[in-house]
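Here UniProt numbering is used: the first residue of the sequence shown is 1, the next is one more, and so on. The structure appears below as structure tokens.
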Amino acid sequence: MFSLSRLPTRLFPTCIQSTTRSVVSTSMDGWKQASKYMELDVKTKATLVPQPRGAISTPSAFLTAIGRSCADVSDKFKSWDHLFTATSLEMGDSLAIPVRKRKYILLWREWFKRGIEPRTIEIPKRAKKHLRLKNRVQLVRLKKQGLA
Numbered sequence: 001m002f003s004l005s006r007l008p009t010r011l012f013p014t015c016i017q018s019t020t021r022s023v024v025s026t027s028m029d030g031w032k033q034a035s036k037y038m039e040l041d042v043k044t045k046a047t048l049v050p051q052p053r054g055a056i057s058t059p060s061a062f063l064t065a066i067g068r069s070c071a072d073v074s075d076k077f078k079s080w081d082h083l084f085t086a087t088s089l090e091m092g093d094s095l096a097i098p099v100r101k102r103k104y105i106l107l108w109r110e111w112f113k114r115g116i117e118p119r120t121i122e123i124p125k126r127a128k129k130h131l132r133l134k135n136r137v138q139l140v141r142l143k144k145q146g147l148a
């Protein structure tokens, strides 16, 4: 059995050593699909609409699977094809999807085309060190204004 813990840490970047981050994995079929997808030219990649896989067969199922309350905007997509062909500009202007959700949906849309199964990626919490520093800076500003 191969173990990373027995090897010197200088050989591997910290992202591999970290136990808090999850590794994106997919099945062999997913890897085959990803290799086929990567060989396509740019215009074909942009217009490619993947076939629904498993339990993910509707826009609402896809948006529920990726999480971060993206299911709230599932009624704005007419069909599976519309979800995968809508541009970022169209999502912002005519569908009125907020920027963060739009970027997250576009990210997962690309990953789904590459064969990666959707899952929720939580937004990381800020470090307490950052919050202490933020409080100090706020206190200095209030003192300069004479409010502290």
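For every residue, glycine included, the Cβ atom is placed at its ideal position computed from N, Cα and C. The structure displayed is predicted, hence computed values, not measured ones.
Can you have a look at residue i and say buried or exposed, based on whether 16 or more other CB atoms are within 10 angstroms of its CB?
{"i": "GLN33", "result": "buried"}
{"i": "ARG21", "result": "Confidence in ARG21 is poor, its pLDDT being 49 and thus under 50, which makes the residue's placement too unreliable to answer from."}
{"i": "ARG102", "result": "buried"}
{"i": "PRO98", "result": "exposed"}
Give the range of the alpha helix (DSSP H) segment to which residue i is assigned.
{"i": "GLN138", "result": "128 to 145"}
{"i": "residue 163", "result": "Summary: the structure shown does not reach residue 163, with the chain confined to residues 1 through 148, and so no result is reported for it."}
{"i": "PRO59", "result": "59 to 66"}
{"i": "THR85", "result": "80 to 85"}
In terms of alpha-carbon separation, which member of the options lies closest to residue i?
{"i": "GLU110", "options": "LYS143, ALA86, ASN135, MET28", "result": "ALA86"}
{"i": "LYS76", "options": "ILE66, THR64, LEU95", "result": "LEU95"}
{"i": "TRP31", "options": "THR64, TRP80, ARG114", "result": "ARG114"}
{"i": "residue 166", "options": "GLU117, ARG132, GLN51, HIS130", "result": "Nothing can be reported for residue 166: it is not among the residues displayed for the chain, which extend from 1 to 148."}
{"i": "PHE84", "options": "LEU107, ARG68, ALA65", "result": "LEU107"}
{"i": "PRO118", "options": "ASN135, TYR104, SER35, GLN145", "result": "TYR104"}
Looking at the strands, I want to know which residues DSSP matches up with residue i.
{"i": "ILE56", "result": "ARG53"}
Quiz item: Looking at C-beta atoms only, is the number of pairs between the stretch 70 to 79 and the stretch 42 to 50 that lie closer than 8 Å three or more?
Solution: no
Practice problem: Would you check if there are 3 or more beta carbon pairs closer than 8 Å linking the stretch 53 to 61 to the stretch 133 to 145? | Solution: no
Quiz item: Is it true that the stretch 74 to 90 meets the stretch 119 to 134, where meeting means three or more beta-carbon pairs spaced less than 8 Å apart?
Solution: no
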